[in-house]
Amino acid sequence: MVQAYILIQTEVGKASFVAESIGRIPGVIQAEDVTGPYDVIVRAQADTVDDLGRMVVAKVQQVEGITRTLTCPVVHL
Numbered sequence: 154m155v156q157a158y159i160l161i162q163t164e165v166g167k168a169s170f171v172a173e174s175i176g177r178i179p180g181v182i183q184a185e186d187v188t189g190p191y192d193v194i195v196r197a198q199a200d201t202v203d204d205l206g207r208m209v210v211a212k213v214q215q216v217e218g219i220t221r222t223l224t225c226p227v228v229h230l
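Sequence positions in the sequence shown follow the numbering used here and run 154 to 230.
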């Protein structure tokens, strides 16, 4: 199982809508609207890195109101 944090910038006033929409995507553990340089932070999981990438590109990035994403896979050193 691969987990990652997805940091999201949104259009002004869209953070709550984006967090709520992404929270319904299968594989998303948590989606929160936050303050700071990013508007939404998501924790997601998938079986493989490829599956995670497909989720981000095919599902997360398709949510209306997103302007940029940054995916940070969790590593255990």
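For glycine and all other residues, C-beta sits at the position ideal for the given N, C-alpha and C.
Exercise. Output yes or no for whether 8 Å exceeds the beta carbon distance between A157 and A197.
Key: The answer is yes: Cβ separation under 8 Å.
Quiz item: Mapping DSSP to helix, strand and coil, what is E185?
Solution: Correct three-state label for E185: strand.
Quiz prompt | Cβ shell of I182 (< 7 Å), same chain only, five flanking positions each side left out | solution = R196, A197, Q198, listed in sequence order.
Practice problem: Less than 8 Å between the CB atoms is what I'm expecting for A176 and M208, so what's the real figure, rounded? | Solution: Inspection of the sequence shows that residue 176 is occupied by Gly rather than by Ala. Not quite, the Cβ-Cβ distance comes to about 13 Å (not below 8 Å), so this is no contact.
Quiz item: Is the Cβ-Cβ distance between T220 and E173 less than 8 Å?
Solution: Not closer than 8 Å, so no.
Quiz item: How big is the Cα-Cα spacing for D203 and T188?
Solution: If you take the alpha carbons of D203 and T188, they lie about 30 Å apart.
Quiz item: Secondary structure at V213, three-state DSSP: helix, strand or coil?
Solution: Correct three-state label for V213: helix.
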